[in-house]
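Numbering (UniProt numbering), first residue to last: 1 to 552.
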(Lines of atoms letter the chains of each structure in order from A and count residues from 1; the text may use other names and numbers.)
(Lines give C-alpha, C1' and ligand atoms only; values in the text may rest on other atoms or scores of the structure.)
Protein backbone atom coordinates (compact mmCIF):
# COMPACT_ATOMS: atom_id res chain seq x y z
CA UNK A 1 0.00 0.00 0.00
CA UNK A 2 1.20 3.50 -0.80
CA UNK A 3 2.41 5.07 2.50
CA UNK A 4 0.67 8.32 1.60
CA UNK A 5 -2.73 6.59 1.76
CA UNK A 6 -2.05 5.69 5.38
CA UNK A 7 -1.30 9.18 6.56
CA UNK A 8 -3.61 10.98 8.90
CA UNK A 9 -3.92 14.70 8.34
CA UNK A 10 -4.46 17.76 10.47
CA UNK A 11 -5.53 21.22 9.36
CA UNK A 12 -4.12 24.53 10.58
CA UNK A 13 -4.27 28.05 9.29
CA UNK A 14 -0.47 28.35 9.46
CA UNK A 15 2.20 25.66 9.72
CA UNK A 16 5.78 26.66 10.51
CA UNK A 17 8.70 24.32 9.87
CA UNK A 18 11.43 24.95 12.43
CA UNK A 19 11.30 26.19 16.03
CA UNK A 20 14.26 28.53 15.83
CA UNK A 21 14.05 32.28 16.47
CA UNK A 22 12.50 33.03 13.07
CA UNK A 23 9.80 30.37 13.26
CA UNK A 24 8.85 31.15 16.85
CA UNK A 25 8.82 34.90 16.21
CA UNK A 26 6.49 34.37 13.25
CA UNK A 27 4.17 32.22 15.36
CA UNK A 28 4.07 34.81 18.15
CA UNK A 29 3.45 37.69 15.76
CA UNK A 30 0.62 35.89 13.98
CA UNK A 31 -1.11 35.26 17.29
CA UNK A 32 -0.56 38.85 18.43
CA UNK A 33 -2.08 40.26 15.25
CA UNK A 34 -4.96 37.79 15.33
CA UNK A 35 -5.74 38.77 18.91
CA UNK A 36 -5.91 42.44 17.94
CA UNK A 37 -8.35 41.59 15.16
CA UNK A 38 -10.28 39.20 17.45
CA UNK A 39 -9.66 36.31 15.07
CA UNK A 40 -9.04 32.68 15.92
CA UNK A 41 -5.99 31.69 13.88
CA UNK A 42 -4.52 28.22 14.44
CA UNK A 43 -0.71 27.97 14.28
CA UNK A 44 1.45 24.85 14.48
CA UNK A 45 5.26 24.76 14.72
CA UNK A 46 7.16 21.57 13.85
CA UNK A 47 10.70 20.98 15.17
CA UNK A 48 12.90 18.07 14.08
CA UNK A 49 15.05 18.21 17.22
CA UNK A 50 14.09 16.16 20.26
CA UNK A 51 13.05 19.40 21.97
CA UNK A 52 12.98 23.07 21.14
CA UNK A 53 16.57 24.31 21.14
CA UNK A 54 18.14 20.87 20.67
CA UNK A 55 19.55 21.77 17.25
CA UNK A 56 20.10 25.48 17.84
CA UNK A 57 23.68 26.70 17.94
CA UNK A 58 25.07 30.21 17.66
CA UNK A 59 27.85 32.33 19.15
CA UNK A 60 25.93 34.33 20.30
CA UNK A 61 25.72 38.05 20.91
CA UNK A 62 22.15 39.31 20.54
CA UNK A 63 21.07 42.74 19.40
CA UNK A 64 17.69 42.99 21.18
CA UNK A 65 16.14 45.41 18.69
CA UNK A 66 13.68 42.96 17.09
CA UNK A 67 13.00 41.11 20.33
CA UNK A 68 11.92 44.43 21.81
CA UNK A 69 9.60 45.02 18.85
CA UNK A 70 8.11 41.54 19.24
CA UNK A 71 7.87 41.37 23.03
CA UNK A 72 8.44 44.81 24.57
CA UNK A 73 8.14 43.39 28.10
CA UNK A 74 10.83 40.73 27.66
CA UNK A 75 12.73 41.93 30.71
CA UNK A 76 9.72 41.60 32.98
CA UNK A 77 8.78 38.16 31.60
CA UNK A 78 12.14 36.53 32.28
CA UNK A 79 13.92 36.46 28.92
CA UNK A 80 17.34 34.82 29.37
CA UNK A 81 19.29 37.99 28.58
CA UNK A 82 21.40 38.50 31.70
CA UNK A 83 24.95 39.04 30.46
CA UNK A 84 25.31 42.47 28.88
CA UNK A 85 28.39 43.09 26.74
CA UNK A 86 30.71 45.30 28.78
CA UNK A 87 33.82 45.35 26.60
CA UNK A 88 34.76 44.56 22.99
CA UNK A 89 38.19 43.45 21.81
CA UNK A 90 39.29 42.75 18.25
CA UNK A 91 42.64 40.99 17.83
CA UNK A 92 44.80 40.28 14.80
CA UNK A 93 46.81 37.12 15.38
CA UNK A 94 50.15 36.06 14.02
CA UNK A 95 51.54 32.67 14.96
CA UNK A 96 53.02 33.92 18.25
CA UNK A 97 51.55 37.35 18.89
CA UNK A 98 48.24 39.22 19.15
CA UNK A 99 47.73 42.84 18.12
CA UNK A 100 44.68 44.75 19.28
CA UNK A 101 42.83 46.48 16.47
CA UNK A 102 40.40 49.41 16.62
CA UNK A 103 36.89 48.15 17.20
CA UNK A 104 35.10 48.60 13.89
CA UNK A 105 31.43 49.68 13.98
CA UNK A 106 30.29 46.16 13.13
CA UNK A 107 31.98 44.81 16.28
CA UNK A 108 30.67 47.44 18.68
CA UNK A 109 28.25 45.64 20.97
CA UNK A 110 27.12 48.28 23.45
CA UNK A 111 23.54 47.43 24.39
CA UNK A 112 23.83 43.83 23.23
CA UNK A 113 23.82 40.61 25.26
CA UNK A 114 25.89 37.43 25.33
CA UNK A 115 23.29 34.68 25.28
CA UNK A 116 22.58 31.00 24.86
CA UNK A 117 20.41 30.77 21.76
CA UNK A 118 19.09 27.43 22.97
CA UNK A 119 17.76 29.03 26.15
CA UNK A 120 16.32 31.95 24.20
CA UNK A 121 14.41 29.69 21.81
CA UNK A 122 12.99 27.70 24.71
CA UNK A 123 11.79 30.93 26.29
CA UNK A 124 10.29 32.08 22.98
CA UNK A 125 8.52 28.73 22.72
CA UNK A 126 6.94 29.35 26.13
CA UNK A 127 5.70 32.76 24.98
CA UNK A 128 4.27 31.21 21.82
CA UNK A 129 2.49 28.44 23.70
CA UNK A 130 1.04 31.00 26.12
CA UNK A 131 -0.61 32.58 23.07
CA UNK A 132 -2.06 29.27 21.91
CA UNK A 133 0.59 28.12 19.41
CA UNK A 134 0.94 24.34 19.16
CA UNK A 135 4.57 23.19 19.09
CA UNK A 136 5.57 19.62 18.28
CA UNK A 137 9.22 18.64 18.74
CA UNK A 138 10.74 15.41 17.46
CA UNK A 139 8.87 15.58 14.15
CA UNK A 140 11.10 15.87 11.08
CA UNK A 141 9.34 17.27 8.03
CA UNK A 142 10.26 15.16 5.02
CA UNK A 143 8.06 16.43 2.21
CA UNK A 144 6.31 19.54 0.90
CA UNK A 145 2.73 18.94 -0.22
CA UNK A 146 1.16 20.78 -3.15
CA UNK A 147 -2.30 21.58 -4.42
CA UNK A 148 -3.13 20.58 -8.02
CA UNK A 149 -2.45 24.18 -9.12
CA UNK A 150 1.10 23.95 -7.70
CA UNK A 151 0.63 26.10 -4.62
CA UNK A 152 1.96 24.75 -1.33
CA UNK A 153 -0.70 22.80 0.55
CA UNK A 154 1.37 21.94 3.63
CA UNK A 155 3.96 19.40 4.67
CA UNK A 156 4.28 15.78 5.69
CA UNK A 157 6.43 14.50 8.53
CA UNK A 158 8.74 11.56 7.95
CA UNK A 159 7.80 7.97 8.68
CA UNK A 160 9.14 6.58 11.94
CA UNK A 161 10.50 3.08 12.46
CA UNK A 162 11.82 2.48 8.95
CA UNK A 163 14.71 -0.01 8.90
CA UNK A 164 18.07 0.63 7.23
CA UNK A 165 17.03 -1.47 4.23
CA UNK A 166 13.86 0.59 3.75
CA UNK A 167 11.46 -1.97 5.21
CA UNK A 168 9.05 -1.18 8.03
CA UNK A 169 10.15 -2.20 11.50
CA UNK A 170 7.95 -3.39 14.34
CA UNK A 171 7.62 0.17 15.62
CA UNK A 172 6.75 1.67 12.22
CA UNK A 173 4.51 4.73 12.25
CA UNK A 174 3.57 6.60 9.07
CA UNK A 175 4.12 10.31 8.86
CA UNK A 176 1.42 12.89 9.38
CA UNK A 177 0.16 15.40 6.83
CA UNK A 178 -0.29 18.96 8.04
CA UNK A 179 -2.34 21.14 5.73
CA UNK A 180 -2.35 24.91 5.98
CA UNK A 181 -3.38 28.06 4.19
CA UNK A 182 0.20 29.29 4.55
CA UNK A 183 3.37 27.38 5.39
CA UNK A 184 6.50 29.16 6.60
CA UNK A 185 9.87 27.47 6.24
CA UNK A 186 12.36 28.34 8.99
CA UNK A 187 14.77 25.43 8.55
CA UNK A 188 18.00 27.32 9.06
CA UNK A 189 20.98 27.29 6.70
CA UNK A 190 20.75 24.94 3.71
CA UNK A 191 17.38 23.51 4.64
CA UNK A 192 16.52 20.35 2.73
CA UNK A 193 12.95 21.45 2.00
CA UNK A 194 14.02 25.00 1.26
CA UNK A 195 16.33 23.68 -1.48
CA UNK A 196 13.41 21.95 -3.19
CA UNK A 197 11.24 25.07 -2.95
CA UNK A 198 13.95 27.28 -4.42
CA UNK A 199 14.28 24.92 -7.37
CA UNK A 200 10.53 24.40 -7.89
CA UNK A 201 9.63 28.09 -7.81
CA UNK A 202 12.92 29.35 -9.29
CA UNK A 203 13.33 31.62 -6.28
CA UNK A 204 17.03 32.25 -6.86
CA UNK A 205 16.60 33.69 -10.35
CA UNK A 206 18.47 36.96 -10.43
CA UNK A 207 20.31 36.44 -7.13
CA UNK A 208 23.91 35.38 -6.69
CA UNK A 209 24.76 31.83 -5.51
CA UNK A 210 24.54 31.54 -1.74
CA UNK A 211 27.82 31.20 0.11
CA UNK A 212 28.32 29.66 3.54
CA UNK A 213 30.69 29.25 6.44
CA UNK A 214 31.09 26.55 9.03
CA UNK A 215 31.03 27.59 12.67
CA UNK A 216 32.44 25.27 15.35
CA UNK A 217 31.77 26.09 18.98
CA UNK A 218 32.72 24.86 22.43
CA UNK A 219 31.60 25.97 25.88
CA UNK A 220 34.23 25.87 28.63
CA UNK A 221 33.91 26.06 32.37
CA UNK A 222 37.01 27.81 33.68
CA UNK A 223 38.41 28.49 37.16
CA UNK A 224 36.77 31.33 39.14
CA UNK A 225 38.09 34.73 38.15
CA UNK A 226 39.35 33.57 34.76
CA UNK A 227 36.21 34.55 32.88
CA UNK A 228 35.49 38.26 32.53
CA UNK A 229 31.71 38.28 32.29
CA UNK A 230 30.56 40.53 29.44
CA UNK A 231 33.82 40.50 27.46
CA UNK A 232 33.36 39.85 23.71
CA UNK A 233 36.56 39.04 21.81
CA UNK A 234 36.88 38.53 18.06
CA UNK A 235 40.04 37.53 16.22
CA UNK A 236 41.22 37.35 12.63
CA UNK A 237 44.44 36.23 11.00
CA UNK A 238 46.33 33.13 12.18
CA UNK A 239 45.91 30.19 11.79
CA UNK A 240 44.17 30.83 8.45
CA UNK A 241 46.13 31.98 5.41
CA UNK A 242 45.41 35.29 3.70
CA UNK A 243 43.20 33.67 1.05
CA UNK A 244 40.86 31.98 3.51
CA UNK A 245 38.01 33.89 5.12
CA UNK A 246 37.35 33.28 8.80
CA UNK A 247 38.01 34.17 12.40
CA UNK A 248 36.97 33.46 15.96
CA UNK A 249 34.69 34.60 18.73
CA UNK A 250 35.32 34.30 22.47
CA UNK A 251 32.38 35.33 24.63
CA UNK A 252 32.82 35.46 28.40
CA UNK A 253 29.54 34.53 30.04
CA UNK A 254 28.23 34.37 33.59
CA UNK A 255 29.02 31.46 35.94
CA UNK A 256 32.70 31.14 34.93
CA UNK A 257 31.84 29.99 31.42
CA UNK A 258 33.37 30.92 28.07
CA UNK A 259 31.84 30.30 24.64
CA UNK A 260 34.63 29.96 22.10
CA UNK A 261 34.19 29.30 18.41
CA UNK A 262 35.83 29.42 15.04
CA UNK A 263 34.30 30.22 11.64
CA UNK A 264 35.79 29.26 8.28
CA UNK A 265 34.28 30.45 5.00
CA UNK A 266 33.37 27.43 2.89
CA UNK A 267 34.84 29.07 -0.19
CA UNK A 268 38.29 27.94 1.00
CA UNK A 269 40.50 26.48 -1.73
CA UNK A 270 42.83 23.91 -0.16
CA UNK A 271 41.19 20.45 0.11
CA UNK A 272 43.62 19.56 2.89
CA UNK A 273 42.21 22.27 5.17
CA UNK A 274 40.22 21.03 8.16
CA UNK A 275 38.07 23.67 9.90
CA UNK A 276 37.98 21.49 13.02
CA UNK A 277 41.79 21.22 13.18
CA UNK A 278 42.18 24.94 12.53
CA UNK A 279 39.97 25.56 15.55
CA UNK A 280 42.02 23.22 17.74
CA UNK A 281 45.22 24.89 16.58
CA UNK A 282 43.77 28.33 17.24
CA UNK A 283 42.98 27.51 20.87
CA UNK A 284 46.68 26.91 21.56
CA UNK A 285 47.69 30.41 20.49
CA UNK A 286 49.63 32.16 23.31
CA UNK A 287 46.92 34.83 23.61
CA UNK A 288 44.05 32.32 23.70
CA UNK A 289 45.26 29.33 25.68
CA UNK A 290 45.44 31.20 29.03
CA UNK A 291 41.70 31.93 28.83
CA UNK A 292 40.97 28.19 28.85
CA UNK A 293 43.85 26.81 30.91
CA UNK A 294 42.71 24.74 33.87
CA UNK A 295 39.16 24.60 32.57
CA UNK A 296 37.09 21.84 31.02
CA UNK A 297 34.93 21.58 27.93
CA UNK A 298 31.28 21.01 28.67
CA UNK A 299 29.72 21.30 25.19
CA UNK A 300 30.64 21.04 21.51
CA UNK A 301 28.75 21.61 18.26
CA UNK A 302 28.92 22.86 14.69
CA UNK A 303 26.62 24.31 12.07
CA UNK A 304 26.71 25.96 8.69
CA UNK A 305 25.87 29.64 8.47
CA UNK A 306 24.76 31.70 5.51
CA UNK A 307 27.24 34.39 4.48
CA UNK A 308 25.95 35.68 1.15
CA UNK A 309 23.97 38.62 2.46
CA UNK A 310 21.57 40.78 0.49
CA UNK A 311 22.71 39.87 -3.03
CA UNK A 312 22.20 36.16 -2.35
CA UNK A 313 18.70 36.37 -0.92
CA UNK A 314 16.17 34.38 -2.95
CA UNK A 315 12.67 35.57 -3.68
CA UNK A 316 11.04 35.28 -0.27
CA UNK A 317 7.50 34.14 -1.05
CA UNK A 318 5.69 31.69 -3.32
CA UNK A 319 2.09 30.50 -3.59
CA UNK A 320 1.17 29.07 -0.21
CA UNK A 321 4.29 29.95 1.75
CA UNK A 322 7.48 31.89 2.42
CA UNK A 323 11.09 31.56 3.58
CA UNK A 324 12.25 33.15 6.84
CA UNK A 325 15.39 33.33 8.96
CA UNK A 326 18.66 31.66 8.01
CA UNK A 327 16.74 29.49 5.55
CA UNK A 328 16.46 32.57 3.38
CA UNK A 329 19.86 33.99 4.33
CA UNK A 330 19.29 37.01 6.58
CA UNK A 331 22.57 36.80 8.53
CA UNK A 332 24.48 40.08 8.84
CA UNK A 333 28.00 38.74 8.22
CA UNK A 334 30.14 41.73 9.31
CA UNK A 335 28.29 41.83 12.64
CA UNK A 336 28.30 38.01 12.96
CA UNK A 337 24.66 38.30 13.99
CA UNK A 338 21.60 36.55 12.62
CA UNK A 339 19.21 36.14 15.53
CA UNK A 340 17.80 39.66 15.50
CA UNK A 341 17.46 39.53 11.71
CA UNK A 342 15.78 36.11 11.86
CA UNK A 343 13.24 37.38 14.41
CA UNK A 344 12.46 40.41 12.26
CA UNK A 345 12.02 38.31 9.11
CA UNK A 346 9.53 36.09 10.93
CA UNK A 347 7.59 39.13 12.08
CA UNK A 348 7.46 40.60 8.57
CA UNK A 349 6.27 37.32 7.07
CA UNK A 350 3.55 37.08 9.71
CA UNK A 351 2.32 40.58 8.91
CA UNK A 352 2.25 39.75 5.19
CA UNK A 353 0.36 36.47 5.38
CA UNK A 354 -2.27 37.30 8.01
CA UNK A 355 -4.56 39.21 5.59
CA UNK A 356 -4.58 36.15 3.31
CA UNK A 357 -5.99 33.79 5.93
CA UNK A 358 -9.65 33.12 5.19
CA UNK A 359 -12.40 31.70 7.35
CA UNK A 360 -12.26 28.00 6.46
CA UNK A 361 -15.18 26.82 8.60
CA UNK A 362 -16.94 25.56 5.45
CA UNK A 363 -13.95 23.63 4.08
CA UNK A 364 -10.38 24.16 3.03
CA UNK A 365 -9.41 26.00 -0.17
CA UNK A 366 -8.03 24.10 -3.14
CA UNK A 367 -5.43 26.77 -3.80
CA UNK A 368 -3.31 29.00 -1.58
CA UNK A 369 -2.32 32.57 -2.49
CA UNK A 370 1.11 34.14 -2.24
CA UNK A 371 2.05 36.61 0.49
CA UNK A 372 3.73 38.86 -2.08
CA UNK A 373 3.70 41.87 0.26
CA UNK A 374 6.36 40.11 2.41
CA UNK A 375 9.03 41.22 -0.07
CA UNK A 376 7.76 44.79 -0.01
CA UNK A 377 7.58 44.88 3.78
CA UNK A 378 11.15 43.60 3.93
CA UNK A 379 12.42 46.23 1.51
CA UNK A 380 10.75 48.97 3.57
CA UNK A 381 12.18 47.76 6.89
CA UNK A 382 15.33 48.45 8.90
CA UNK A 383 16.31 44.84 8.16
CA UNK A 384 16.78 45.64 4.47
CA UNK A 385 18.72 48.81 5.27
CA UNK A 386 21.01 46.91 7.64
CA UNK A 387 21.77 44.17 5.12
CA UNK A 388 22.17 46.69 2.29
CA UNK A 389 24.79 48.59 4.27
CA UNK A 390 26.71 45.35 4.95
CA UNK A 391 26.41 43.78 1.51
CA UNK A 392 29.91 44.48 0.13
CA UNK A 393 32.13 43.39 3.02
CA UNK A 394 32.01 39.59 2.75
CA UNK A 395 32.46 39.46 -1.07
CA UNK A 396 35.49 41.77 -0.83
CA UNK A 397 37.42 38.93 0.80
CA UNK A 398 37.62 37.15 -2.56
CA UNK A 399 40.49 39.56 -3.22
CA UNK A 400 42.43 38.28 -0.21
CA UNK A 401 42.68 39.42 3.40
CA UNK A 402 44.74 42.61 3.06
CA UNK A 403 42.75 44.20 0.19
CA UNK A 404 39.54 43.20 2.00
CA UNK A 405 40.72 44.84 5.23
CA UNK A 406 41.42 48.07 3.35
CA UNK A 407 38.08 47.98 1.56
CA UNK A 408 36.18 47.15 4.77
CA UNK A 409 37.71 50.19 6.45
CA UNK A 410 36.47 52.38 3.60
CA UNK A 411 33.00 50.83 3.75
CA UNK A 412 32.60 51.17 7.51
CA UNK A 413 34.31 54.47 8.20
CA UNK A 414 33.93 56.48 4.97
CA UNK A 415 31.10 55.17 2.82
CA UNK A 416 29.12 53.67 5.72
CA UNK A 417 27.36 51.24 3.40
CA UNK A 418 26.19 53.91 0.95
CA UNK A 419 28.33 52.86 -2.01
CA UNK A 420 26.43 52.85 -5.33
CA UNK A 421 27.85 49.45 -6.34
CA UNK A 422 27.32 45.89 -5.20
CA UNK A 423 30.27 43.49 -5.29
CA UNK A 424 29.70 40.02 -6.65
CA UNK A 425 30.68 36.96 -4.64
CA UNK A 426 33.34 34.46 -5.66
CA UNK A 427 30.90 31.93 -7.12
CA UNK A 428 29.92 28.63 -5.50
CA UNK A 429 31.62 27.21 -2.43
CA UNK A 430 32.00 23.74 -3.91
CA UNK A 431 33.47 25.25 -7.07
CA UNK A 432 36.17 27.07 -5.06
CA UNK A 433 37.97 23.87 -4.06
CA UNK A 434 41.24 23.24 -5.89
CA UNK A 435 42.48 19.78 -6.74
CA UNK A 436 44.87 18.20 -4.29
CA UNK A 437 47.80 18.18 -6.73
CA UNK A 438 47.75 22.01 -6.76
CA UNK A 439 47.83 22.35 -2.95
CA UNK A 440 50.10 21.55 -0.03
CA UNK A 441 48.99 19.15 2.68
CA UNK A 442 48.61 20.77 6.11
CA UNK A 443 50.40 19.09 9.01
CA UNK A 444 48.15 19.56 12.01
CA UNK A 445 49.53 18.91 15.51
CA UNK A 446 48.17 16.05 17.56
CA UNK A 447 45.65 17.03 20.25
CA UNK A 448 47.03 17.59 23.73
CA UNK A 449 43.69 16.58 25.34
CA UNK A 450 43.88 19.65 27.56
CA UNK A 451 43.05 22.48 25.16
CA UNK A 452 42.86 20.65 21.82
CA UNK A 453 40.99 17.42 21.18
CA UNK A 454 40.05 14.94 18.47
CA UNK A 455 36.72 14.89 16.69
CA UNK A 456 35.24 11.77 18.23
CA UNK A 457 35.71 12.95 21.82
CA UNK A 458 34.27 16.29 20.74
CA UNK A 459 31.19 14.76 19.14
CA UNK A 460 30.51 12.94 22.41
CA UNK A 461 29.83 16.37 23.96
CA UNK A 462 27.16 17.09 21.35
CA UNK A 463 24.91 14.52 23.08
CA UNK A 464 23.96 12.76 19.86
CA UNK A 465 20.87 10.62 19.64
CA UNK A 466 20.54 8.52 16.49
CA UNK A 467 18.65 5.28 15.87
CA UNK A 468 21.39 3.14 14.34
CA UNK A 469 19.07 1.04 12.21
CA UNK A 470 17.36 3.90 10.38
CA UNK A 471 18.22 4.54 6.72
CA UNK A 472 21.40 6.51 6.10
CA UNK A 473 20.37 10.13 5.68
CA UNK A 474 23.60 11.15 3.89
CA UNK A 475 23.10 9.99 0.34
CA UNK A 476 25.57 9.71 -2.55
CA UNK A 477 23.98 10.46 -5.90
CA UNK A 478 26.77 8.42 -7.55
CA UNK A 479 28.70 6.28 -5.03
CA UNK A 480 31.53 5.71 -7.51
CA UNK A 481 32.43 9.41 -7.48
CA UNK A 482 33.54 9.14 -3.84
CA UNK A 483 36.66 7.33 -5.08
CA UNK A 484 37.03 8.21 -8.77
CA UNK A 485 36.77 11.96 -8.13
CA UNK A 486 36.89 12.91 -4.45
CA UNK A 487 39.60 10.45 -3.40
CA UNK A 488 41.78 10.58 -6.51
CA UNK A 489 41.45 14.23 -7.44
CA UNK A 490 40.68 16.02 -4.15
CA UNK A 491 42.21 13.72 -1.50
CA UNK A 492 38.76 13.03 0.01
CA UNK A 493 38.05 16.49 1.46
CA UNK A 494 34.90 15.21 3.18
CA UNK A 495 37.14 13.44 5.71
CA UNK A 496 38.39 16.89 6.76
CA UNK A 497 35.59 19.41 6.29
CA UNK A 498 33.14 17.32 8.34
CA UNK A 499 33.49 18.42 12.00
CA UNK A 500 32.08 15.15 13.33
CA UNK A 501 34.11 12.35 11.72
CA UNK A 502 31.19 11.12 9.63
CA UNK A 503 33.31 10.32 6.57
CA UNK A 504 36.39 8.11 6.50
CA UNK A 505 38.35 6.22 3.86
CA UNK A 506 38.90 2.55 4.66
CA UNK A 507 40.66 -0.24 2.79
CA UNK A 508 38.37 -3.01 1.56
CA UNK A 509 40.04 -5.87 -0.32
CA UNK A 510 43.01 -3.67 -1.00
CA UNK A 511 40.91 -0.85 -2.44
CA UNK A 512 39.81 2.45 -0.85
CA UNK A 513 36.15 2.86 0.04
CA UNK A 514 34.22 5.68 1.65
CA UNK A 515 32.56 4.78 4.94
CA UNK A 516 29.73 6.98 6.18
CA UNK A 517 29.25 7.00 9.96
CA UNK A 518 25.83 8.65 9.84
CA UNK A 519 25.26 8.30 13.59
CA UNK A 520 28.04 10.87 14.18
CA UNK A 521 26.27 13.58 12.17
CA UNK A 522 25.64 16.85 14.01
CA UNK A 523 23.47 18.03 11.09
CA UNK A 524 25.68 20.97 10.17
CA UNK A 525 25.05 20.48 6.38
CA UNK A 526 28.68 21.24 5.45
CA UNK A 527 28.98 18.12 3.29
CA UNK A 528 25.90 19.12 1.30
CA UNK A 529 27.53 22.49 0.61
CA UNK A 530 31.22 21.77 0.07
CA UNK A 531 31.33 18.46 -1.81
CA UNK A 532 33.14 19.36 -5.07
CA UNK A 533 30.73 17.50 -7.38
CA UNK A 534 27.64 18.07 -5.21
CA UNK A 535 27.44 14.28 -4.91
CA UNK A 536 26.50 14.27 -1.20
CA UNK A 537 22.91 15.10 -0.35
CA UNK A 538 21.89 15.70 3.24
CA UNK A 539 18.35 14.50 3.91
CA UNK A 540 16.44 14.76 7.15
CA UNK A 541 16.87 11.74 9.45
CA UNK A 542 14.19 10.40 11.73
CA UNK A 543 12.63 13.00 14.01
CA UNK A 544 14.49 13.49 17.28
CA UNK A 545 17.82 12.39 15.77
CA UNK A 546 20.95 14.47 15.99
CA UNK A 547 22.49 16.65 18.67
CA UNK A 548 20.93 17.79 21.91
CA UNK A 549 22.77 21.02 22.49
CA UNK A 550 21.16 22.14 25.71
CA UNK A 551 22.40 25.66 26.43
CA UNK A 552 24.44 26.20 23.25
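We put the CB at the ideal spot given by N, CA and C, even for glycine.
Work out the CA separation of residue 526 and residue 190 for me, nearest whole Å. 9 Å
Just list the alpha helix (DSSP H) runs in the region 87-147, keeping only unbroken ones of 4 residues or longer that don't cross its boundaries, in chain order. 117-130
Is the region 128-147 touching the region 269-278 in the sense that three or more CB pairs, one from each, lie closer than 8 Å? Too few Cβ pairs lie closer than 8 Å, so no.
Starting from the C-beta of residue 441, find all residues in its chain whose C-beta is less than 6 Å away, skip the five residues before and the five after it, and write them out in chain order. 272
Whose CA, out of 34, 25, 58 and 35, lies closest to the CA of residue 302? 58
Among 282, 53, 490 and 151, whose alpha-carbon lies nearest the alpha-carbon of residue 119? 53
What distance in whole Å lies between the Cβ atoms of residue 452 and residue 284, which are believed to be in contact at a cut-off of 8 Å? 6 Å
Best match in 277, 123 and 540 for proximity to residue 67 [C-alpha to C-alpha]: 123
Alpha-carbon spacing of residue 494 relative to residue 504, whole angstroms: 8 Å
Of all the options 71, 496, 134 and 73, which has the alpha carbon lying nearest to the alpha carbon of residue 13? 134
Integer Cβ distance of residue 628 from residue 499, believed to fall under 8 Å: No statement about residue 628 is possible, as the shown extent of the chain runs from 1 to 552 and does not include it.
I need the boundaries of the alpha helix (DSSP H) containing residue 27, first residue and last residue. 21-36
So what does residue 184 bridge to, in DSSP terms? 16 and 322
Which of the three DSSP states is assigned to residue 485 in this structure? Reduced to three states, the DSSP call for residue 485 is helix.
For residue 497, does the three-state DSSP call read helix, strand or coil? helix
From which residue to which residue does the alpha helix (DSSP H) around residue 343 run? Its alpha helix (DSSP H) spans residues 339-353.
Who are the Cβ neighbours of residue 497 in its own chain at under 6 Å, not counting the five residues just before and after it? 526 and 530
Which listed residue (142, 552 and 518) has its alpha carbon closest to that of residue 164: 518
Three-state secondary structure (DSSP) at residue 464? coil
Please confirm whether residue 261 and residue 249 have their CB atoms less than 8 Å apart. Yes, the pair counts as a contact, with Cβ atoms nearer than the cut-off.
Residue 512 - containing beta strand (DSSP E), residue span: Unbroken beta strand (DSSP E) run through residue 512: 511-516.
My understanding is that residue 257 touches residue 317, with C-beta atoms under 8 Å, so please give their C-beta distance in whole angstroms. No, residue 257 and residue 317 are not in contact; Cβ-Cβ is about 40 Å, not under 8 Å.
In whole angstroms, what is the alpha-carbon distance linking residue 536 and residue 38? 48 Å
Hey, how far is the Cα of residue 219 from the Cα of residue 113? 17 Å
Buried versus exposed, by CB contacts within 10 Å (16 or more), residue 413: exposed
Suppose you measure from the CA of residue 544 to the CA of residue 157; what does that come to, to the nearest Å? 12 Å
Reduced DSSP secondary structure (H/G/I, E/B, other) of residue 221: strand
DSSP on residue 317, reduced to helix/strand/coil? Looking at residue 317 - three-state DSSP - the assignment turns out to be strand.
Within 10 angstroms of its Cβ, does residue 492 collect 16 or more other Cβ (buried), or is it exposed? buried
Interface flag, residue 347 vs chain D, CB-CB below 8 Å: In summary, chain D is missing from the structure at hand, where a single protein chain is found.
To the nearest angstrom, how far is the alpha carbon of residue 510 from that of residue 193? Approximately 39 Å between the Cα atoms of the pair.
Please state if the CB of residue 459 and the CB of residue 522 are separated by a distance shorter than 8 Å. yes
Just reading off the beta strand (DSSP E) that residue 248 is part of, what are its end residues? 246-252
Please say whether residue 17 and residue 186 have beta carbons closer to each other than 8 Å? yes
Host alpha helix (DSSP H) of residue 527 (start-end): Per DSSP, the continuous alpha helix (DSSP H) segment holding residue 527 begins and ends at 526-530.
Strictly by DSSP, which residues pair up with residue 332? 337
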